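So for the sequence shown, UniProt numbering puts the first residue at 1; every next one is plus one.
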Amino acid sequence: MKTMSVQAPRGVVMIRPHHFHPNPETESDNAFQSRDATRTAERIAALAHAEVTQVAQRLQDAGVSVHMFEDEGRQTPDSVFPNNWFSTHAGGHVALYPMFSPSRRRERRGDIIEMLKHRYRVQDVIDYSGLEQDNVFLEGTGAMVLDHIERVAYAAKSNRTNEVALERFCTHFNFEPIVFDAADAAGRRIYHTNVLMCIGTGFAMVGLSSITDPARRAEIAQRLCDNGRELVDLSHEQVAEFAGNAIELAGRDGPVLALSRRAWASLTPSQQAVIERFAHVLALDVPTIELAGGSVRCMLAGIHLTPRPRNAL
1 MKTMSVQAPR GVVMIRPHHF HPNPETESDN AFQSRDATRT AERIAALAHA EVTQVAQRLQ
61 DAGVSVHMFE DEGRQTPDSV FPNNWFSTHA GGHVALYPMF SPSRRRERRG DIIEMLKHRY
121 RVQDVIDYSG LEQDNVFLEG TGAMVLDHIE RVAYAAKSNR TNEVALERFC THFNFEPIVF
181 DAADAAGRRI YHTNVLMCIG TGFAMVGLSS ITDPARRAEI AQRLCDNGRE LVDLSHEQVA
241 EFAGNAIELA GRDGPVLALS RRAWASLTPS QQAVIERFAH VLALDVPTIE LAGGSVRCML
301 AGIHLTPRPR NAL
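Written as structure tokens, this is what we have:
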């Protein structure tokens, strides 16, 4: 396994929802959402609560620092996916993002930002959320998959990814934007980049067939491999199983790849072998959360900040 790098955060923020349900406001452009008429709303909420609890415990057991926040509100059905409304960056920087769905705008929480300032060295908070008033949206590390090593922001065009906002973010945070069109097997636009792409330190997983322009597809494959990464090419079917919705983290004993059990099961033995050369795999059970159209990557807001000394707290 390779030495850990700036690509893999050592800590994450998670939100444990008490009234989880798939969001009807977002299903029109999120083909990954699904419904379950066999269980009551109360049962679905209870299962989602339990799944988040179990994911947090598995991550902590692997040595990942988890900052858990509770959401007892009934008006924030997607709050379990905090990576869309904020991100953190080396050097002490935090970004807040403009959200497409009005219900998702209520997910932004000052107590989370205050915790980050208290526990980590935060120099500034750049707030893009005012762009919502102009119908300009950029849903964080759902809309962008960031290569922190090569300083590239990959972004699939969608309702959730505005190129003007992306350029502004890249200027502030020193990333090169690479924008592309992406669609599923039925030709439907893919709503978030992080369902088709995961960038680790020594490998990258990407649904190349989802990138519709052949020249752009080849360019992205080359860029991902330029620094020696091994490429795991995901099929349309594997993307639909959330195989791209994974995140590399820094665990106690080295790199950890967190993804859902469903996603891991969709990979071929040879693809799994590539990943296992670079990271210990945590295959996590989140079938209820996945009803909302996101998986493990969406549940984890990575912390790329320097911790404050504990004796200074």
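We put the CB at the ideal spot given by N, CA and C, even for glycine. Since we're looking at a predicted model, the values are computed, not measured.
Cβ-based neighbour list, residue i, same chain, cut-off 8 Å, excluding 5 preceding and 5 following
| i | result |
| --- | --- |
| Glu-237 | Ala-185 and Ser-266 |
| Lys-157 | Glu-163, Val-179, Phe-180, Asp-181, Ala-182 and Arg-189 |
| Arg-39 | Leu-47 |
Of the residues the options, the one placed nearest residue i, counting alpha carbons only
| i | options | result |
| --- | --- | --- |
| Glu-290 | Leu-96, Phe-69, Met-68 and Ala-243 | Ala-243 |
| His-118 | His-19, His-67 and Ala-165 | His-67 |
| Gly-187 | Arg-35, Ala-240, Asp-111 and Leu-282 | Ala-240 |
| Pro-77 | Asn-83, Asp-127 and His-18 | His-18 |
| Gln-7 | Phe-278, Gly-294 and Arg-308 | Phe-278 |
| Arg-262 | Gly-254, Gly-294 and Asp-253 | Gly-294 |
| Asp-226 | Val-195, Thr-201, Asp-213 and Ser-209 | Thr-201 |
| Gly-254 | Arg-43, Thr-53, Leu-59 and Arg-35 | Leu-59 |
| Leu-234 | Arg-217, Leu-208 and Asp-213 | Leu-208 |
Cβ-Cβ distance between residue i and residue j below 8 Å
| i | j | result |
| --- | --- | --- |
| Met-99 | Phe-137 | yes |
| Val-12 | Leu-284 | no |
| Ile-211 | Ala-182 | yes |
| Val-64 | Leu-249 | yes |
| Gly-142 | Arg-168 | no |
| Asp-61 | Arg-16 | no |
| Arg-109 | Gln-75 | no |
| Arg-189 | Asn-174 | no |
| Val-125 | Thr-193 | no |
| Ala-155 | Leu-131 | no |
| Gly-140 | Tyr-191 | no |
| Val-286 | Leu-257 | no |
| Pro-177 | Ala-215 | no |
| Tyr-120 | Pro-307 | yes |
| Ser-5 | Ile-149 | yes |
Neighbourhood of residue i by C-beta distance below 7 Å, restricted to the same chain and skipping five residues each side
| i | result |
| --- | --- |
| Val-274 | Phe-203, Glu-230 and Val-232 |
| Val-122 | Gly-92, Val-94, Leu-116 and Leu-305 |
| Gln-271 | Val-232 |
| Gly-251 | Ala-62, Gly-63, Val-64 and His-280 |
| Glu-51 | Asp-285, Val-286, Thr-288 and Ile-289 |
Residues near residue i by beta carbon distance below 6 Å, same chain, minus five either side
| i | result |
| --- | --- |
| Glu-25 | Per-residue confidence for Glu-25 stands at a pLDDT of 49, beneath the threshold of 50, marking its modelled position as unreliable; no derived number is given. |
| Leu-259 | Ala-246 and Val-296 |
| Val-206 | Met-197 |
| Gly-302 | Pro-9 and Val-12 |
| Trp-264 | Ala-283 |
| Ala-45 | His-19 and Phe-20 |
| Thr-88 | Val-94, Ile-303, His-304 and Leu-305 |
| Asp-127 | Leu-96 |
| Leu-300 | Val-12 and Ile-247 |
For residue i, the three-state DSSP class (helix, strand or coil)
| i | result |
| --- | --- |
| His-49 | helix |
| Ala-62 | coil |
| Ala-56 | helix |
| Gln-33 | Because Gln-33 sits at a pLDDT of 49, beneath the cut-off of 50, its placement in the model cannot be relied upon, and the point is left open. |
| Glu-70 | strand |
| Ala-90 | coil |
| Val-13 | strand |
| Pro-102 | helix |
| Val-296 | helix |
| Ala-312 | Below a pLDDT of 50, predicted positions are generally treated as unreliable, and Ala-312, at 49, falls in that range; the measurement from the model is reported next regardless. Note: Ala-312 maps to helix in three-state DSSP. |
| Asp-127 | strand |
| Pro-82 | helix |
| Leu-305 | coil |
| Ala-95 | strand |
| Ala-283 | strand |
Cutoff 8 Å: residue i Cβ touching any chain B Cβ
| i | result |
| --- | --- |
| Ile-303 | Absent from the structure: chain B. Only one protein chain is present. |
Unbroken alpha helix (DSSP H) runs of length 4 or more, entirely within the stretch 229-280: which are they?
Here the runs fully enclosed are 236-240, 261-266 and 269-278.
Which residue spans inside the stretch 135-214 form an unbroken alpha helix (DSSP H) run of at least 4?
Counting only runs of at least 4 residues, the stretch 135-214 fully encloses the following alpha helix (DSSP H) elements, listed from N- to C-terminal order: 140-143 and 163-173.
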